[in-house]
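As given, the protein sequences belong to chains A and L, one line each in that order.
Counted from 1, the first sequence has number 529 at position 523 by the working numbering; the numbering is strictly sequential.
Counted from 1, the second sequence has number 632 at position 626 by the working numbering; the numbering is strictly sequential.
Here is the structure we will look at.
Number of protein chains: 2
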Amino acid sequence: MICNDVALEGVELEAALAEALNTPTGTADIPAWTDTKVVGQRLPKIDAYERVSGTAVYPSDITLPGMLHAAVLRCPHGHARVKKLDASRAAKMPGVRAVLTPESPGADIPWYPGEKGYVSRLLDTHCRFAGDEIAAVAADTPYQAFDAVRAIVVEYEVLPNVVGLDAALAPNAPAVLDGPTNRAGDPRAQGRGDVAAGFAAAEVTVEGTYSTGTQLHVPIELHGAVVRWDGPKLVAWDSLQGVFPAQNTYARALALPLSNVRVIGHYMGGGFGSKLDTGKYGVIAALLAKQAARPVRLFMTREDTMRAIGNRPAVRMTVKLGAKKDGTLTAIDFSCTGSGGAYSAGGTGGVNWLPLDLYRCPNVNTVSTNVYIHAGPERPFRGPGHPQGAWALEQAMDTLAAKLGMDPVALRLKNVPDISQGRQDQARYTSTGLATCLTEGAKTFGWTEARARVPQAGPVRRGVGVAAGMWRGGGGSPPATIIVRLVADGTASVNMGASDIGNGTKTWAAMIVAEELGVPVDRIGIEHADTATTQYTGASGGSKTVPTEAPAIRAAAIEVKRQLLALAAADLKVDATALSIADGAVFVTADPSKRIVIRQFRPLAQRGVLVGVGVRGPDTHGMAVNPWGVHFAEVEVDTRTGLVRIQRYLAAQDSGKVMNRLTYDNQVIGAITMGQGLALTEDRIMDAAHTGRVLNANMHDYKVPTALDAVVAPVIVAVDPKDTTCNIAATKGLGEPATIPAAAAIANAVAHALGVRVVDAPISPQRVLDALAAPRTPAKGVRS
Amino acid sequence: MICNDVALEGVELEAALAEALNTPTGTADIPAWTDTKVVGQRLPKIDAYERVSGTAVYPSDITLPGMLHAAVLRCPHGHARVKKLDASRAAKMPGVRAVLTPESPGADIPWYPGEKGYVSRLLDTHCRFAGDEIAAVAADTPYQAFDAVRAIVVEYEVLPNVVGLDAALAPNAPAVLDGPTNRAGDPRAQGRGDVAAGFAAAEVTVEGTYSTGTQLHVPIELHGAVVRWDGPKLVAWDSLQGVFPAQNTYARALALPLSNVRVIGHYMGGGFGSKLDTGKYGVIAALLAKQAARPVRLFMTREDTMRAIGNRPAVRMTVKLGAKKDGTLTAIDFSCTGSGGAYSAGGTGGVNWLPLDLYRCPNVNTVSTNVYIHAGPERPFRGPGHPQGAWALEQAMDTLAAKLGMDPVALRLKNVPDISQGRQDQARYTSTGLATCLTEGAKTFGWTEARARVPQAGPVRRGVGVAAGMWRGGGGSPPATIIVRLVADGTASVNMGASDIGNGTKTWAAMIVAEELGVPVDRIGIEHADTATTQYTGASGGSKTVPTEAPAIRAAAIEVKRQLLALAAADLKVDATALSIADGAVFVTADPSKRIVIRQFRPLAQRGVLVGVGVRGPDTHGMAVNPWGVHFAEVEVDTRTGLVRIQRYLAAQDSGKVMNRLTYDNQVIGAITMGQGLALTEDRIMDAAHTGRVLNANMHDYKVPTALDAVVAPVIVAVDPKDTTCNIAATKGLGEPATIPAAAAIANAVAHALGVRVVDAPISPQRVLDALAAPRTPAKGVRS
């Protein structure tokens, strides 16, 4: 997507903000929560009725008068040049209102990988993967649009493609980009200490090679937008995790001021990193709408989404661990190779973070190598790189534990860190619940007993496994500006730029206001995810939504409370500090009979509204904020069929204070399911020998776990270290840390059940049978 | 409409707010404007393109999928009871989806005159004017709905009606309400001093009787709404002057919490008091939509609007003035009688204010009598009562001047007040431009010359006249809460609850932000008039929008500026007080080369947005804030046809600081035109003898001045007394004060031309001819 100077993300932003002096944080004088009454309860989503009744309007539900439907022509070849394109017949077909080709105005704007040094355009005649956009049509009906796309006559020069890592790195491989090699720059080394000395000091070493498959984004709502021009202003209803990044992308792509772009995303049907920003579809829709002077709906098909919208890249990893006999790690050597597809050099992003940071170890070396291939692009995917890194590291830790004769939980407990060794400043963690997750999780799971009693004979074998993880983000990422309003009838509302990506953001936002203002949760409205009416914040991704927004919401609510108590104090002729709020009333703490019912409070009615603004400024504690998780899995493996079934599961998470225990648990369950997919079934299969196409770009052949496959009623242990340093809401992110250890925990349970290890994900029946036939099977080579 | 405890209006609200201690004003520490660069310029409306191109979406333009169209059955009789109503055939007609009768759930909610002591319901079987609502239908198309309404079979008991003031007060007149008489309570007396003594001290007295016609609301966009239920929540697009009063009315009528009602009114096609709140139509539409589970559009027809939506009531007035020979007023005796129609007792509201307050006079007595008649209701109408009062008082002043042998301007100048004698506290005015309006207006108009040179012979006679006026309101009416935002690309936006009723509110709001933040006006977005996304404020009426919102907008912009300068000061390593803002940049005042271009300012990009909240608290200066105006007209009267043509016109207004000179002038032109209608052509005619119906409920028979009739290029003198006390924007209201003297100025010019006076409005050709035939013709009796 388009390079974005304004909407900086994550660590870079935090550092930049810390430099900006005098930034009002709005939270500086507010002590962090310790005990809460509403926050932490199990509450159903405040929009549950709309969601289950079908009245919630998702972007794909938007219907505008005169709206056209668009379809996109995509390259069917892994690598080709468009020699000739004739859309004249398509343009004359019934219902066709606009046709966009690479020659159309605006279609030549740079796209991957950004404005500087781009190699691709919005619509391009040099196609580098099967799915690259070439042209688009808008027509009165969807089928007219699809028919018209088929009627565009294209003459391709089909070029040789390469979709495997090794093949791409081979001499004389077809060039994906213009460089002399398909390697995206030099391998990136990161580490600390003296690894050679670390291994020399080791009393035990283990080494292994592991790999994961390519996991595709399969959100229930497809990627797409409905767009409308109001004169010079664009309005887009886009299925997104963040409306503000998309506002910026639309503005830059179409050369509009930000104020002429309104992006709305009140509901969205799932996003796990692929909806952090709009895609080519949004800008194509806007250009078609401009041409036709009509609103345009462009939603990608499921097949196109699976080809082109992004993925968690396949990675090949080698891990070597050195340890003392007591389990103390002395050295970690880690290398990985992956591909971001045809345009992105980010294929291994985040993969090395767990080797760098999860365990205390003075000597660490990591090397990451990225390769271009003729395939669809990588995209952030729930904990980018981390589940892959966990897949390798946590299996290697189990192998090490076995070699040491230690319990896997005990080995991990031996190496719990208290500083972030991956960070240059070696900052202390504000809290790490890793040890508690290990001990409490093991105790609740019945780890010791289960590990001991598992029978290792018979055709169906049982095993238990454990894996730990952490997430590099999750500490919150300013900016967030929140407005809370209390109106005359005692109801309140929250104005929040963040998207609710389905995990209950609106609900805990209301709970925070309820906590501070004593307004019932069902009397709190949420206004959100609309660039025209809410305030800038980053996308809801990186497990940063709770720690970013919650402190600002709380600060805004407290400001409203201050104003309300000032009015009430004047009315009751007491000092504001003598007052409390609960159940829709303000009362004198020492004499609750002296009370004001807020919805009958005349000075409030006279003001009409009290408004509080809360800002989440940059962290100033100079410490590292990270969430942690440890997962325990019990599996049955049928040694006759190779099928793996998860029988029992426990996730122990330290994400700080729980906002809503119900949606907390739901998010962990979803995370486990996604890890299960990575571990057992999900894998993009490409036609490496011939066309370079994705062969399983559909939900039948690409197997996402369904309700029948998913773990039944996992036990979830919420570890709360009462972290009053991380932020005033005492909370950390959850969405990604709960995904990271899942696949590795399942792999370790399978290895425990079988006595042999399947090192390549997904652990398909065939791989199980192969492993049983040939123990110690190495990684099967190139993956894509 | 429904009684409204929450949304207090005007004077009552101000007094109540002044009591509420510790109310943050947000403006307390900000000095009032003296000089401005942007504010006061002539700028076209920022939404001019949308308005003229047809892309602006008015409530009547809203089309929703599945939307039904509604029509209303109204009583055709001036007074009747519904004995039997059968809607069974209508309900079965093609396309009919919902039918509402007086028996339907929710149709029995109390309506006029409010919750306590109501005598009417939303749909009622006792109809008290021809136009009262009885039933309603929603169908797939408008014509299906109209047909279905006609298919409702009603058996009426037709009762005797009374539509004239004298007839209604006669013994044994048909009772409009249940009381023993049609007089709405005792006549209300207001005054001061000793009027008898005042007349005893007078050296000259004059006395006269005057009357005005009933002026109907004829906004270009009809009254109506499109409503939709989202589960338990109602959304209404309603053509309104204020979305918040309507939110309150919908909520009370439908027993919903405020947070479950969203009212949106981004555009609206004219409102002059009849759109301060929603009407029965809105609630009827909501009930139909609930029944049909479909969105419903209910816009009144033009005919129904003219029958039922409200009017400026006809008033009969008697004035007696006493003065010393030098023109000093010694006594005013004023009485008036009017009707609010069938349900409202407010027929004479505001009529006595000019006699009480316009001129310095120690002894004043006023008596106001209200009568119920079987006619559609009065409604606030641009300066309620004031143009009628001016019609009588200002003609009497001219008669007095003639009797004294004084120039009319000189007589008025002699009696300019400096305290508000109508107010109990006799507060001083923060400013009164009355004298300046008289002198500057007369000078610019060439009053003395014109008054002297007018020939008084020949068939076409010329005359010039003057009249003064003031508006009781126009000082601003809290609350107003404004949010201003500055975003990363240097554009800004204003979040404002107030409606832009077509007079440029959005434009001057942007100009105020441009003034303070140096952002170009066309880079400022406006978010307004939406109860879900903007903050509570009263309706845009009472000439209070500018003085209410402008100070709060300015305060909010100044808060954003404070934050921006703090960031810039840190960046430039100077004190914030050393900085200035202009043309999209912050610079060191003493060294403008040290500058930051706001849209490239990294700390702003990192914050994403700066938010400022501004609140207009109650006035604390204890003074009276009122706007003033003096109008000069030159007319030609054809003594053969009785036709009056306005040849030349000048309006001198003191509304304090001008926000936008272009829209200021436009608003004055509209006001003059409305006064012209009252003076010359507009008059509801009722069938007093028989049906009680309005006989000219259409735009052909009810004559609103059109572009061909209106005064060409009136001269507008904007008097600015640099009132830094009234509020921090140094500004007062304009919409109503510019209407108030217009009709009287025209009447005085006609009298000057003819030598005889037409005392009844409108000055129709017949009345001119009658007056020429029988000089000193008295008022023609009962008007309705």
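C-beta atoms are modelled at their ideal positions from N, C-alpha and C, and glycine is treated no differently.
By the CB criterion at 8 angstroms, residue 395 of chain A and residue 493 of chain A fall outside the cutoff.
Residue 49 of chain L does not reach chain A, its nearest Cβ partner there being about 17 angstroms away, counting only Cβ pairs nearer than 7 angstroms. In the DSSP assignment, residue 305 of chain A falls within the beta strand (DSSP E) that extends over 302-305. Per the Cβ contact rule, the region 417-427 of chain L is not in contact with the region 766-780 of chain L (fewer than 3 Cβ pairs under 8 angstroms). When beta bridges are read from the DSSP output, residue 337 of chain A appears opposite A:328.
Contact between residue 154 of chain A and residue 78 of chain A does not hold, since the beta-carbon distance rounds to 11 angstroms and is not under 8 angstroms.
The beta carbon of residue 275 of chain L sits no closer than 8 angstroms to any beta carbon of chain A.
In the DSSP assignment, residue 638 of chain A forms a beta bridge with A:472 and A:656. Residue 451 of chain A is positioned such that its CB atom lies closer than 8 angstroms to that of residue 656 of chain A. Residue 530 of chain L sits away from residue 489 of chain A, with the two beta carbons spaced by 8 angstroms or more.
Measuring C-alpha to C-alpha distances from residue 35 of chain A to each of A:749, A:734, A:761 and A:744 identifies A:734 as the nearest. At a beta-carbon threshold of 9 angstroms, the residues of chain L lying near residue 265 of chain A are 493, 495, 497, 498, 499, 529, 530 and 531, ordered along the chain. For residue 485 of chain A, a Cβ of chain L is located within less than 8 angstroms of the residue's own Cβ. Taking every protein chain shown into account, the CB of residue 595 of chain A has fewer than 16 other CB atoms within 10 angstroms, so this residue is exposed. In the three-state reduction of the DSSP assignment, residue 518 of chain A falls in the helix class.
Residue pairing by DSSP puts residue 533 of chain L in a beta bridge opposite L:501. Under DSSP, residue 585 of chain A forms a beta bridge with A:594. Separation of residue 523 of chain A and residue 44 of chain A (C-alpha to C-alpha, rounded to the nearest whole angstrom) is 11 angstroms. With its beta carbon at least 8 angstroms from every one in chain A, residue 511 of chain L lies outside the interface. Closest option to residue 611 of chain A, judged by alpha-carbon separation, among L:250, L:98 and L:42: L:250.
Scanning its chain for C-beta atoms nearer than 6 angstroms, with the 5 sequence neighbours on each side dropped, one finds no residue around residue 187 of chain A.
Below 8 angstroms, too few C-beta pairs join the region 348-367 of chain L and the region 143-161 of chain L to call them touching: fewer than three. With a threshold of 16 other beta carbon atoms within 10 Å, residue 247 of chain L meets it and is buried. According to DSSP, residue pairing for residue 734 of chain A in a beta bridge does not occur. Taken in chain order, the complete alpha helix (DSSP H) segments of 4 residues or longer contained in the region 682-767 of chain L are 748-760. Taking the C-beta atoms as reference points, residue 669 of chain L is found no nearer than 8 angstroms to residue 40 of chain L. Only residues of its own chain outside the window of five on either side were considered, and among them 512 have a CB closer than 6 angstroms to the CB of residue 506 of chain L, listed in chain order. Annotation: Cβ neighbours of residue 538 of chain L in chain A (cutoff 9 angstroms, chain order): 499, 531, 533 and 539. For the C-beta of residue 56 of chain A, the chain L residues within less than 9 angstroms are, from N- to C-terminus, 236 and 237. Fully enclosed beta strand (DSSP E) runs of no fewer than 3 residues occupy 267-270 of the region 257-295 of chain A, in order along the chain. Put simply, the backbone Cα of residue 622 of chain A is about 19 angstroms away from that of residue 740 of chain A. Chain L places a beta carbon closer than 8 angstroms to that of residue 71 of chain A, counting this residue as a contact. In the assembly as shown, residue 216 of chain A is a buried residue. Its beta-carbon has 16 or more other beta-carbons within 10 Å.
Secondary-structure assignment with DSSP links residue 397 of chain A through no beta bridge to anything. Assigned with DSSP and collapsed to three states, residue 528 of chain A falls in helix.
By alpha-carbon distance to residue 608 of chain L, the top candidate from L:574, L:447, L:406 and L:640 is L:574.
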